[in-house]
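Accompanying notes for the structure given below.
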Amino acid sequence: MIIRMTSFSVDETSNQSCSSPVLGKRKPVKPPSSVWEHFIKVEGCDPKYPRAACKHCGASYACDSKRNGTTNLKRHLEKCKMYVNPLEDNVEGEGDSESNLMTASFTQENCRKMLARMVILDELPFKFVESEGFHQFCRTLNPKFVIPSRVTVAKDCFQMYMKEKKKLKNALTRSGQRVCLTTDTWTSVQNINYMVITAHFIDDDWNLHKRILNFCQVANHKGDTIGRAIEKCLEGWGIDRLFTVTVDNASSNDVAIAYLVKKFKGRNGLVLDGEFIHIRCCAHILNLIVSDALKDLHVSIIRIRNAVKYVRSSPARLQIFKDFAKEDKMSTKNCLTMDVPTRWNSTFTMLDGAIKCQKTFERLEEHDPSYLPKDDIPTTEDWDNAKVFVKFLKTFSEVTMKFSASMSVTSNIFFHELCLIQEIIREYSSYENALLSQMTLSMQTKFNKYWGITTSEKTNLLLYVSVVLDPRYKLAYVNYCFNEFLEEDCAKIWTNKVEEAFRRLCDDYYMRMSKEKYSQTQSCTPIEGFGFQSQSEIPSISSSGSYKARATVHDRFKQSNKTCLDDAKTEVTRYLDEARIDCMGDEYLDLLTWWKVNASRFKIISQVARDIYSIPISTVPSESAFSTGGRVLDSFRSSLTPQTAEALICAQNWIQSKPLDDMTEEIDGAEEIDEEFINIGKEMEAAFENLNNDSMSLEAQ
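Each residue of the sequence shown is one higher than the last, beginning at 68 in this note's numbering.
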């Protein structure tokens with residue numbers, strides 16, 4: 068109804084504008100294209116190059132109204148695998164060519180499939196399908212639809228989970244994709260320990276993907292337990308190429324990483340024997356740095372917090388405050404939020420909102436005789452201090468948001484934000500405000516512990532190499548920044564360390580690529596001259612001839628190995644010597660697109676860039692799964708088994724993610740099924756028994 072009213076008002080306006088004698092020459096306003104019902108504009112991209120993402124599959128396209136229009140969006144919608152058009156699915160007749168009405172056949176199977184999809188995506192309880200309102204809706208929509216029971220819907224959801232799991236597993240194993248992991252642990256309302264493992268990788272078309280692999284139950288949060296759970300997960304998925312693991316700074320995670328290095332080192336699945344496998348969550352470290360500076364809160368912050376708490380303590384006070392704000396023509400939206408003492412960013416949000424209503428708080432002080440005690444009322448000096456705090460903390464809040472991004476490359480921004488933080492700490496350390504000077508001193512101590520160039524070995528060199536892989540900066544920018552913050556000799560040492568790590572990575576990748584290419588050649592191409600049919604055809608070789616042949620092969624191997632390393636060094640030198648791209652200003656550069664275009668020129672380095680730009684520098688992608696877990700395993704659905712919870716959470720993530728089109732086309736039409744999924748019926752039967760138990764528990768609620 069709303070759409071019709073909107074469309075009518077637009078048409079009416081257009082007709083009026085055409086008939087008006089004053090605006091007769093003005094073109095009528097065109098209504099927005101219907102394609103926008105299926106697309107949403109992407110936030111955070113360059114405003115000069117806006118992009119729109121499909122609501123169904125997540126694919127993004129350029130959508131500038133002048134350069135692109137909506138044609139490319141309509142074309143995508145026509146071939147989008149995740150979009151089901153009810154007017155075009157199972158079409159029996161072509162209908163009237165002048166209208167959009169078409170005859171579509173009804174199938175019980177499709178309806179049940181979409182019902183299971185709705186339950187998974189919208190996090191609905193299984194008993195939703197047995198509610199009276201849903202039954203009335205279905206009878207009105209199509210009386211032919213036989214509404215399944217909650218147990219049947221649960222089976223359909225699990226079947227969809229197994230189907231999506233098969234697609235993803237085949238895609239990862241067949242491509243030999245190297246993955247980066249993030250993992251974290253969580254305790255549900257059932258008092259069960261869960262661990263989530265999320266894989267991050269860039270496909271052959273240079274698209275960044277994030278997939279939840281496991282949402283499993285663990286006995287405890289010990290390092291060995293976490294390490295074994297990760298190992299079991301990777302073995303179950305057939306993943307033997309691990310690049311990095313991003314975890315928070317708990318000591319148990321150090322033990323887990325050591326366990327993984329020990330287990331995978333002998334399998335030749337780690338780059339440089341796992342030297343750079345451990346990535347510490349940058350958002351967590353930044354939280355520790357800022358929290359340490361705010362552990363002794365200033366009296367100004369305490370007074371403003373008390374003022375906000377006073378207003379929020381009763382509906383009457385809150386209404387009086389809103390009336391005063393209205394008279395001052397101020398908006399109270401998001402201005403009265405309470406902070407959490409353990410989260411500095413909530414303190415920043417509280418101060419930022421309260422400052423906007425400073426005049427309203429001052430009016431409340433004048434007119435409310437029961438306001439705070441005189442010593443607790445914020446003074447002008449307190450408000451000035453709060454403004455300084457907000458200005459100081461705003462940068463750290465913005466950096467935290469950048470570190471926490473999950474669907475964009477983050478490894479390339481670490482070094483830039485690191486330099487920014489160091490510059491801010493250095494600037495405010497000489498500030499006249501004694502409080503800020505003390506705060507920055509505490510922050511510098513914590514900063515040096517985790518990120519100090521000369522005082523900490525906890526920073527992974529891959530995060531510096533990622534800047535070298537940016538064609539706008541390369542090694543020259545890293546060297547310049549080191550010289551800004553370090554002594555000349557120390558800066559030179561660290562520049563050499565980064566360059567050495569970059570060259571060692573390229574050498575390692577080149578050797579692996581050469582071995583894989585040689586292995587494929589040996590397995591696919593017969594060697595001419597060795598097609599012997601019988602024992603009599605085998606030539607005899609004397610002992611001296613055998614020694615000479617062995618020596619000749621050994622010499623060729625050494626020469627080949629030397630050639631491989633020389634080729635890798637040549638490509639690195641050629642890349643570093645090329646002029647940097649001059650777009651240091653506002654011009655936006657898509658690094659993945661640049662490397663996709665230039666992969667043919669830098670075959671080795673492009674593979675290094677592909678893996679390094681897959682690295683997430685925070686554990687937020689895994690922590691976000693706990694938000695879903697908290698909604699799925701709420702107090703009303705606490706009887707769900709861990710297996711059912713994993714199926715619902717993983718399936719939702721896989722369905723919502725950008726499809727792996729280039730990897731799954733072959734899978735959809737394949738006739739052979741992996742041996743693991745031949746026994747899918749047995750696995751489903753075992754899961755259905757758990758679902759039946761869930762159903763009995765739900766009936767009692």
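Glycine residues also receive a C-beta, built at the ideal position from the N, C-alpha and C atoms. Small disclaimer: the values here were computed from a predicted structure and weren't measured.
Taking 6 Å as the limit between beta carbons, can you name the residues of its chain near residue i, skipping five residues before and five after?
| i | result |
| --- | --- |
| I293 | A323 |
| S132 | none |
| M181 | none |
| D406 | S413, T414, M417 |
| Y228 | A714, A718 |
| K389 | T399 |
Give the straight-line distance between the Cα atoms of residue i and residue j, rounded to the nearest whole angstrom.
| i | j | result |
| --- | --- | --- |
| D575 | V338 | 7 Å |
| I745 | F415 | Residue confidence is low: I745 scores 40 on pLDDT, short of 50, so the model does not pin down where it sits. Its coordinate-derived value is still stated next. So the two alpha carbons sit approximately 55 Å from each other. |
| H276 | N260 | 27 Å |
| N287 | T250 | 14 Å |
| L431 | I422 | 14 Å |
| Y150 | I671 | 38 Å |
| F268 | Y544 | 27 Å |
| G333 | K299 | 16 Å |
| R773 | D189 | As shown, the chain starts at 68 and ends at 768. That puts residue 773 outside it, with no answer to give. |
| E555 | L487 | 20 Å |
| I716 | I187 | 8 Å |
| L536 | N563 | 15 Å |
| V532 | G136 | 39 Å |
| C650 | N320 | 40 Å |
| N769 | R118 | Shown here, the chain extends from 68 to 768; a query on residue 769 therefore has no answer. |
| E433 | R370 | 17 Å |
| N274 | I306 | 19 Å |
| I560 | L572 | 18 Å |
| E566 | L248 | 25 Å |
| H28 | R206 | Because the chain here runs from 68 to 768, residue 28 falls outside it and cannot be looked at. |
| P114 | Y655 | 10 Å |
| F106 | A126 | 9 Å |
| D272 | L658 | 13 Å |
| G160 | L144 | Its pLDDT being 42, under 50, G160 is placed unreliably by the model, and the measurement read from it follows with that caveat. Each residue's alpha carbon lies about 21 Å from the other. |
| S689 | N237 | 23 Å |
| T409 | C283 | 28 Å |
| L364 | A712 | 41 Å |
| K461 | V455 | 10 Å |
Excluding the five sequence neighbours on either side, which residues of its own chain have a C-beta within less than 7 Å of the C-beta of residue i, listed in chain order?
| i | result |
| --- | --- |
| V687 | A350, S471, S473 |
| C147 | C121, H123, C124 |
| F391 | T427, R430, L431 |
| G341 | V328, F331, K332 |
| G243 | R308 |
| W661 | P538 |
Taking the alpha carbon of residue i as the point to measure from, which residue in the options has its own alpha carbon closest?
| i | options | result |
| --- | --- | --- |
| M696 | A676, T399, R677, N720 | First, the amino acid is wrong: residue 696 is Gly here, not Met. It is N720 whose Cα lies nearest to the Cα of G696. |
| V109 | I306, S509, S475, H483 | S475 |
| S685 | A266, P538, I306 | A266 |
| A360 | L503, F569, Y326, Y116 | L503 |
| T640 | R698, F569, T254 | F569 |
| F552 | R668, L572, E490, Y577 | E490 |
| T313 | V699, A712, P683 | P683 |
| D449 | S464, S673, A646, Q425 | Q425 |
| A317 | R295, T252, V285 | T252 |
| T404 | G420, K389, W411, K393 | G420 |
| L700 | K230, K232, N258 | N258 |
| L355 | Y128, K194, E638, T512 | T512 |
| Y680 | L529, F343, K230, R134 | L529 |
| N335 | K725, Q710, K582 | K582 |
Compute the beta-carbon to beta-carbon distance between residue i and residue j, rounded to the nearest angstrom, for a pair I have assumed lies under 8 Å.
| i | j | result |
| --- | --- | --- |
| V263 | F310 | That pair is no contact at about 19 Å. |
| C178 | F204 | Incorrect: roughly 13 Å between the Cβ atoms, too far for contact. |
| N452 | S358 | So it is not a contact: roughly 19 Å between Cβ atoms. |
| R225 | A714 | For the sequence presented, residue 225 should be read as Phe rather than Arg. 5 Å between Cβ atoms; contact. |
| L485 | S496 | Not a contact, Cβ separation roughly 17 Å. |
| Y517 | I722 | Contact flag wrong, Cβ pair sits at about 38 Å. |
May I ask whether a heavy atom of the ligand ADP can be found less than 7 Å away from the beta carbon of residue i?
| i | result |
| --- | --- |
| L301 | Absent from the structure shown: the ligand ADP. Ligands present: none. |
Excluding sequence positions up to five away, which residues of its chain have a Cβ less than 8 Å from the Cβ of residue i?
| i | result |
| --- | --- |
| Y377 | R384, Y438, L439 |
| V196 | L182, V186, I214, P215, S216, R217, V220 |
| L769 | What is shown of the chain runs 68 to 768, which leaves residue 769 out entirely. |
| K289 | S319, V322 |
| I297 | L248, T250, I264, V312, A323, L327 |
| N527 | T311, F343, H345, I346, R347 |
Exercise. Which runs of the beta strand (DSSP E) spanning at least 3 residues fall entirely within the segment 223-289, listed in chain order?
Worked result: 246-254, 260-269, 275-284
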